[in-house]
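Colleague: Quick note: the sequence shown uses the working numbering, first residue 11, plus one each step.
Heads up, the beta-carbon is just placed ideally off N, CA and C, and yes, glycines get one too.
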Amino acid sequence: MKRLSLLALIASIWGCTEERFSSVLKYQISISEEVALDFSEVGMSSEVPFSISPLDNNNESFLVFNNFFRRLDTVFFSLENNRIVSGLEVSKEGPGGIPSFDIFSYNKYIGVIYMNGNSFFYNKDDYTVKLNMTNELDNGSSSIKSIYGADRRNGTFQISSDLGSYFSIIIHDNDTNVHSLMSYDFDSKNFHDLPFSFDDDQMMKQDIQFKNGSVTIRNTYAPYLTVFDSLLIISYPFFNKISVLNLEDNKQSDYLFESELFKTQKDLPVKTDNSDYEKFSEEFTKWNNDVHYASISRLNDKLIYRMVFENLGSSKVYLELFNNSFDKVGEFDLTALQPDLKWFHITVEGKILIQSSKDPDEDIFKYYLISVDEL
11 MKRLSLLALI ASIWGCTEER FSSVLKYQIS ISEEVALDFS EVGMSSEVPF
61 SISPLDNNNE SFLVFNNFFR RLDTVFFSLE NNRIVSGLEV SKEGPGGIPS
111 FDIFSYNKYI GVIYMNGNSF FYNKDDYTVK LNMTNELDNG SSSIKSIYGA
161 DRRNGTFQIS SDLGSYFSII IHDNDTNVHS LMSYDFDSKN FHDLPFSFDD
211 DQMMKQDIQF KNGSVTIRNT YAPYLTVFDS LLIISYPFFN KISVLNLEDN
261 KQSDYLFESE LFKTQKDLPV KTDNSDYEKF SEEFTKWNND VHYASISRLN
311 DKLIYRMVFE NLGSSKVYLE LFNNSFDKVG EFDLTALQPD LKWFHITVEG
361 KILIQSSKDP DEDIFKYYLI SVDEL
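(1) Given a cut-off of 7 Å, decide if Gly127 and Ser61 are closer than it, judged by their beta-carbon atoms.
(2) Is the beta carbon of Glu70 less than 7 Å from the beta carbon of Arg81?
(3) Quick check on Phe354: buried or exposed, where buried means 16 or more other Cβ atoms within 10 Å of its Cβ?
(4) Less than 6 Å between C-beta atoms, sequence neighbours within five positions excluded: which residues of the same chain meet that for Phe375?
(5) Between Leu65 and the rest of its own chain, which residues show a CB-CB distance below 8 Å, the 5 nearest in sequence each way excluded?
(6) For the segment 129-145 against the segment 220-229, are there 3 or more C-beta pairs whose distance is under 8 Å?
(7) Per DSSP, what are the beta-bridge partners of Arg163 in this structure?
(8) Do you know offhand how far Asp195's Cα is from Ser170's?
(9) Could you check the C-alpha separation between Leu204 and Thr230 for me, to the nearest Å?
(10) Given a cut-off of 7 Å on the beta-carbon distance, is the pair Phe272 and Val318 in contact?
(11) Can you tell me the Cβ-Cβ gap for Leu309 and Tyr315, rounded? I've got them flagged as a contact below 8 Å.
(12) Any chance the segment 153-168 sits against the segment 181-198, with 3 or more Cβ pairs inside 8 Å?
(13) Distance check for Lys338 and Ser33, CA to CA, integer angstroms please.
(14) Measure how close the beta-carbons of Phe75 and Phe114 come, nearest whole angstrom, since I'm counting them as under 8 Å.
(15) Please tell me whether Ser153 and Asn142 are closer than 7 Å, where the distance is taken between their beta carbons.
(16) Just to confirm the assignment, what range does the beta strand (DSSP E) spanning Phe72 have?
(17) Determine the burial state of Gly150: buried for a count of at least 16 other Cβ atoms within 10 Å of its Cβ, exposed for fewer.
(18) Can you check the segment 55-108 for any beta strand (DSSP E) of at least 3 residues that lies completely inside it and give the ranges in chain order?
(19) Please identify the residue among Thr345, Thr274, Ile306 and Val358 whose C-alpha is closest to the C-alpha of Asp300.
(20) In terms of residue numbering, what span does the alpha helix (DSSP H) encompassing Ser291 cover?
(21) Ends of the alpha helix (DSSP H) at Glu330?
(22) Please report the straight-line C-alpha distance between Lys289 and Lys261, rounded to a whole angstrom.
(23) Let me know the secondary structure DSSP gives Gln212 once reduced to three states.
(24) Applying the criterion that 16 or more other CB atoms from any shown protein chain within 10 Å of the CB defines a buried residue, is Leu344 buried or exposed?
(25) Taking only three categories from DSSP, how would you classify Glu320?
(26) Between Lys326 and the rest of its own chain, which residues show a CB-CB distance below 6 Å, the 5 nearest in sequence each way excluded?
(27) Of all the options Asp209, Arg228, Lys251 and Asp259, which has the alpha carbon lying nearest to the alpha carbon of Leu445?
(28) Report buried or exposed for Lys312, applying the criterion of at least 16 other Cβ atoms within 10 angstroms of its Cβ.
(29) Thinking just about the alpha-carbon of each residue, which of Ile41, Phe208 and Gly107 is nearest to the one in Ser366?
(30) Please classify Ala232: does DSSP put it in a helix, a strand, or coil?
(31) Does DSSP put Thr144 in a helix, a strand or coil?
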């Protein structure tokens with residue numbers, strides 16, 4: 011049963027190469043009543059972050075990592091069939107064992123791909139393929155290579171599609187602070203550089219650090235990566251830019267958009283002495299309390315969306331809608347309809363699931379389903 015609905019009015023939407031305007035009501039949204047799913051049936055907690063990945067193209071079922079039992083369980087979120095089922099333990103030992111990981115992604119071609127800060131793991135012929143980025147991409151400098159691109163706060167990382175036998179990642183060289191977009195081919199087992207230009211200037215302006223010996227603490231300004239078929243989509247947590255690399259012609263397109271509801275970028279932090287923790291902590295807190303963009307997601311075969319948060323405390327949550335040409339076709343203040351919203355969100359059968367913040371219950375995962383309908 012739908013509670014509330016809202017219409018979207020678009021005005022003065024800008025792209026990077028042309029100015030685009032629309033004043034036509036195109037979409038409306040509606041939000042369901044709160045839905046509950048008992049996570050305690052499989053020993054999970056709704057208050058402990060988890061990694062999740064869809065099992066099918068329709069987003070009907072999902073694999074979710076159960077941290078308490080080191081197990082991949084299966085969950086269904088639809089109103090008609092919401093349930094969670096225990097799965098198989100992810101063994102650490104043996105030929106097919108998987109070392110420690112913090113996020114995973116399901117690929118129809120190869121199965122589950124597990125990741126930590128600098129390594130990938132997947133099973134092939136009952137054995138574990140282990141790819142340490144520092145070793146695989148060693149250029150003689152021994153610089154640590156880190157894996158970027160995941161929306162780790164949301165527990166999601168869509169690194170591949172079913173159109174090809176590859177996955178894509180962002181690699182960060184810790185010594186040079188250079189980002190590279192790369193793909194890995196499961197058949198040839200080779201990495202390939204992809205022609206892409208990151209917005210390094212903006213990232214450098216947003217970067218704040220604290221160093222204590224060999225340990226560096228920094229804010230989470232790293233870019234996101236989302237793979238849609240033959241498109242690689244790069245976006246950023248600190249401003250509204252979206253960049254698209256089409257693998258069919260290796261052409262990059264960049265887009266910027268205006269908004270009447272939220273800021274288009276975070277305020278630039280004041281650069282501090284890397285050894286002054288008190289000043290770093292002050293700037294770090296200010297940075298987190300500013301606007302924050304989530305990664306890009308696909309809603310259906312016509313629409314793409316992004317959640318925008320007033321700050322990391324999720325006091326206000328907004329929804330941006332884009333068509334397949336990356337024209338912005340709608341924006342909504344979700345908290346004007348439902349104030350009890352958390353960060354976690356995912357596409358479920360053409361709707362947007364977003365977690366409820368009302369009356370938290372460790373055993374019960376509470377959520378709403380957002381419908382987007384064309385007028």
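Modeller: Let me lay it out:
(1) no
(2) no
(3) buried
(4) Leu47, Phe49 and Ser56
(5) Cβ within range, chain order: Ser71, Phe72, Leu73, Thr84 and Tyr116.
(6) no
(7) Answer is none; Arg163 lacks a bridge partner.
(8) 11 Å
(9) Rounded to the nearest whole angstrom, the CA to CA distance from Leu204 to Thr230 is 23 Å.
(10) yes
(11) Yes, they are in contact, since the Cβ atoms of Leu309 and Tyr315 sit about 5 Å apart, within 8 Å.
(12) yes
(13) Bear in mind that the predicted position of Ser33 carries a pLDDT of just 39, short of 50, making it too unreliable to give a figure here.
(14) 6 Å
(15) no
(16) Phe72 to Asn76
(17) exposed
(18) Those beta strand (DSSP E) runs which fall completely within the segment 55-108 and span 3+ residues are 62-64, 72-76, 81-86 and 93-99.
(19) When C-alpha distances from Asp300 are compared across Thr345, Thr274, Ile306 and Val358, the shortest belongs to Thr274.
(20) Tyr287 to Asn298
(21) Premise fails: Glu330 lies in the beta strand (DSSP E), Val327 to Asn333, not in any alpha helix (DSSP H).
(22) 42 Å
(23) helix
(24) buried
(25) coil
(26) The residues are Glu320 and Thr345.
(27) With the chain represented from 11 up to 385, any question about residue 445 goes unanswered, as that position is not in the structure.
(28) exposed
(29) For Ser366, the nearest C-alpha among the options comes from Ile41.
(30) coil
(31) Per DSSP, reduced to three states, the secondary structure at Thr144 is helical.
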